[in-house]
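Residue numbers (my numbering), protein chains in the order written: chain A, 1 to 267; chain B, 1001 to 1267.
Where a beta carbon is used, it is the ideal one built from N, C-alpha and C, also for glycine.
Down below is the structure, laid out as structure tokens.
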DNA sequence: GAGTGGTCTAGACCACTGT
DNA sequence: CAGTGGTCTAGACCACTCC
């Protein structure tokens, strides 16, 4: 019954299914054999199958919902070149609307065209929690504009990123256009929006960390609960050293590469 | 028996244990009640307890090994300021050994002193796999020097980072000192080592992604299997546009913040 | 040696999928 | 509708930790 080789049995389940996927025996988008079938085939209990499959789900090879388990299509890794992207966005802020409308930031460092992209935006008002208050150096409870974005490929509805962006309400209210979600996607993005109220961004600080995806995030990003997300906290600081925007960017960790180039002074 | 409120029962298990930890009822380092006890207390089966606890393990609140489950001490987030750190390392490369010996890179962006740190290094020879070959633009099979590092706090033995660094063997062999692991930790680090063979680094490209920790990584980093790691692929390019070093840096995702500052040109 | 978590078994019900 | 995965139960053995 037990052919122990030192490794748990579910490891063999995971390995063999993985190999079958990579070899092409199980095709992307296709259904996985049922857990009961797999249990029979590998001679383990349903629990063993589930334990094995969990790892494959976390790594993005397979997916499951109630009623079906399936092989995930290998997803292209998206590269985001932030050190160049931010300067590029700044350069565009003073261009005409026509020029700005031509391409969005996602197209800048992706091969994707804006016609391939599905964009979603939602605005709301909130009161600054203690963390936001600290980051913006404003009193707790200050009125903030919260903007929630998600960008997806038009094909599969998996989002490439989920963004929660915050601005001080009274600062952006100077230009009522900026409170109107109907104007999204705003040509040129946030730096262009800030330009309309006389704000010049001096520098952007990105803080990166990682953690397991929460259930809501997993749904939107097209990954499984327990898979990893990259969390990017982005702070924009203007030429007077004031924090003018803060955003939390959630990226599917396994399918994203955020790239920073540090140029060093020559000797 | 079933008091269904729409959420699975294990969610309540996770939530209540979490709250008890945050409230201080369960103290860091202390033992968790046994799974059997928890099953009794919450009126769920052992499986339910395990499902609930799994989430807490992935988020780093609790840990477990065979024979005991315990509350993890809240760990300090380590901030690594790479955009400044790399320039600082370059500046040090031409300093005297005395100056370089004074502090290491980890101390640069941490409050930790080198006396608090435990450093481990191991050198080996490998043949370039296809990925390394591509990154260095050398033939597959080229002799490489592989250097594996880990740095930990002296207190808890959890590593702050695990690094696999690669160099082209014949390039660094110019200075036999660089093949000698006994010289680690080398004052000033890699850029100082490269300086001894006449290499000036022009720029460093960091690519960041995230994925669940593998069992080996989890052990070294003091996190649980299934917790997230930040993966940082670092490429150093010299003034002749040649890749001179490549390394894979594995960081505990929940306890690390990698920081990049992008300075923008003024209008 | 007692007790624990890691692994495993053999069932069950229900919400959901696809047809 | 049949079949599937999500959740759950009630047990078991073993390697390991702690005392």
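Compute the Euclidean distance between the alpha carbons of residue i and residue j, then round it to the nearest angstrom.
| i | j | result |
| --- | --- | --- |
| residue 127 of chain A | residue 101 of chain A | 32 Å |
| residue 86 of chain A | residue 1046 of chain B | 50 Å |
| residue 261 of chain A | residue 1188 of chain B | 21 Å |
| residue 1096 of chain B | residue 1179 of chain B | 21 Å |
| residue 266 of chain A | residue 177 of chain A | 45 Å |
| residue 1157 of chain B | residue 1018 of chain B | 24 Å |
| residue 166 of chain A | residue 1205 of chain B | 29 Å |
| residue 42 of chain A | residue 13 of chain A | 7 Å |
| residue 1141 of chain B | residue 1234 of chain B | 21 Å |
| residue 1151 of chain B | residue 68 of chain A | 44 Å |
| residue 1004 of chain B | residue 1054 of chain B | With a pLDDT of only 48 at residue 1004 of chain B, under 50, the local geometry of the prediction cannot be trusted, and the value read off the model is given with reservation. Those two C-alpha atoms are separated by around 21 Å. |
| residue 1192 of chain B | residue 1175 of chain B | 12 Å |
| residue 76 of chain A | residue 104 of chain A | 19 Å |
| residue 1199 of chain B | residue 1117 of chain B | 29 Å |
| residue 134 of chain A | residue 1194 of chain B | 42 Å |
| residue 241 of chain A | residue 201 of chain A | 9 Å |
| residue 2 of chain A | residue 40 of chain A | Per-residue confidence for residue 2 of chain A stands at a pLDDT of 41, beneath the threshold of 50, marking its modelled position as unreliable; the derived number appears in the next sentence. Rounded to whole angstroms, residue 2 of chain A to residue 40 of chain A spans 14 Å at the Cα level. |
| residue 23 of chain A | residue 1125 of chain B | 31 Å |
| residue 137 of chain A | residue 197 of chain A | 20 Å |
| residue 1217 of chain B | residue 82 of chain A | 28 Å |
| residue 945 of chain B | residue 1226 of chain B | Outside the modelled stretch of chain B, which goes from 1001 to 1267, sits residue 945 of chain B, for which no answer is possible. |
| residue 1215 of chain B | residue 66 of chain A | 28 Å |
| residue 1011 of chain B | residue 1219 of chain B | 26 Å |
Going by DSSP, which residues form a beta bridge with residue i?
| i | result |
| --- | --- |
| residue 159 of chain A | A/152 |
| residue 1015 of chain B | Its beta-bridge partners do not exist; DSSP assigns none. |
| residue 1204 of chain B | A/262 and B/1236 |
| residue 1065 of chain B | B/1068 |
| residue 146 of chain A | A/124 and A/166 |
| residue 256 of chain A | A/78 |
| residue 1246 of chain B | B/1166 and B/1235 |
| residue 229 of chain A | A/211 and A/252 |
Taking 7 Å as the threshold (C-beta atoms), are residue j and residue i in contact?
| i | j | result |
| --- | --- | --- |
| residue 203 of chain A | residue 1264 of chain B | yes |
| residue 1123 of chain B | residue 1147 of chain B | yes |
| residue 1221 of chain B | residue 1252 of chain B | yes |
| residue 1239 of chain B | residue 1080 of chain B | no |
| residue 228 of chain A | residue 1212 of chain B | yes |
| residue 1073 of chain B | residue 1029 of chain B | yes |
| residue 1035 of chain B | residue 1049 of chain B | yes |
| residue 88 of chain A | residue 108 of chain A | yes |
| residue 1230 of chain B | residue 1210 of chain B | yes |
| residue 1248 of chain B | residue 1190 of chain B | no |
| residue 52 of chain A | residue 254 of chain A | no |
| residue 1172 of chain B | residue 1132 of chain B | no |
| residue 121 of chain A | residue 20 of chain A | no |
| residue 1009 of chain B | residue 1044 of chain B | yes |
| residue 32 of chain A | residue 62 of chain A | yes |
| residue 1149 of chain B | residue 1163 of chain B | yes |
| residue 1243 of chain B | residue 1237 of chain B | yes |
| residue 78 of chain A | residue 256 of chain A | yes |
| residue 1071 of chain B | residue 1026 of chain B | yes |
On the DSSP letters alone, give me the boundaries of the alpha helix (DSSP H) that residue i sits inside.
| i | result |
| --- | --- |
| residue 1024 of chain B | Counting along the chain, residue 1024 of chain B falls outside any alpha helix (DSSP H), and DSSP gives it neither H nor E. |
| residue 53 of chain A | 46 to 58 |
| residue 1034 of chain B | It is not in any alpha helix (DSSP H) - residue 1034 of chain B carries neither H nor E in the DSSP assignment. |
| residue 79 of chain A | Taken as a continuous stretch (DSSP letters only), residue 79 of chain A belongs to no alpha helix (DSSP H), being part of the beta strand (DSSP E) at 78 to 81. |
| residue 1094 of chain B | No alpha helix (DSSP H) holds residue 1094 of chain B; DSSP gives it neither H nor E. |
| residue 1214 of chain B | First-last for residue 1214 of chain B: undefined, no H or E at that position. |
| residue 173 of chain A | It is not in any alpha helix (DSSP H) - residue 173 of chain A carries neither H nor E in the DSSP assignment. |
| residue 133 of chain A | 130 to 136 |
| residue 190 of chain A | 189 to 195 |
Which first and last residues belong to the beta strand (DSSP E) in which residue i is found?
| i | result |
| --- | --- |
| residue 1117 of chain B | 1117 to 1127 |
| residue 179 of chain A | Residue 179 of chain A -> no beta strand (DSSP E), and no H or E assigned at all. |
* Can you give me, in chain order, the residues of the stretch 241 to 265 of chain A that have a beta carbon less than 9 Å from any beta carbon in chain B? => 251, 252, 253, 254, 255, 256, 257, 258, 259, 260, 261, 262, 263, 264 and 265
* Asked: When Cβ atoms are compared, which residues of the stretch 1049 to 1062 of chain B fall closer than 9 Å to chain A?
  -> 1054, 1055, 1058, 1059 and 1060
* **Positions along the stretch 176 to 209 of chain A whose CB lies within less than 7 Å of some CB in chain B** => 200, 201, 202, 203, 204, 205, 206, 207, 208 and 209
* Asked: Given a limit of 7 Å on CB to CB distance, which residues of the stretch 1064 to 1093 of chain B reach chain A?
  -> 1082, 1083, 1086, 1087 and 1090
* **Under 8 Å (Cβ pairs) to chain B, residues found in the stretch 211 to 230 of chain A** => 211, 212, 226, 227, 228, 229 and 230
* Taking Cβ-Cβ distances below 9 Å as the criterion, which residues of the stretch 1135 to 1148 of chain B are in contact with chain A? -> none
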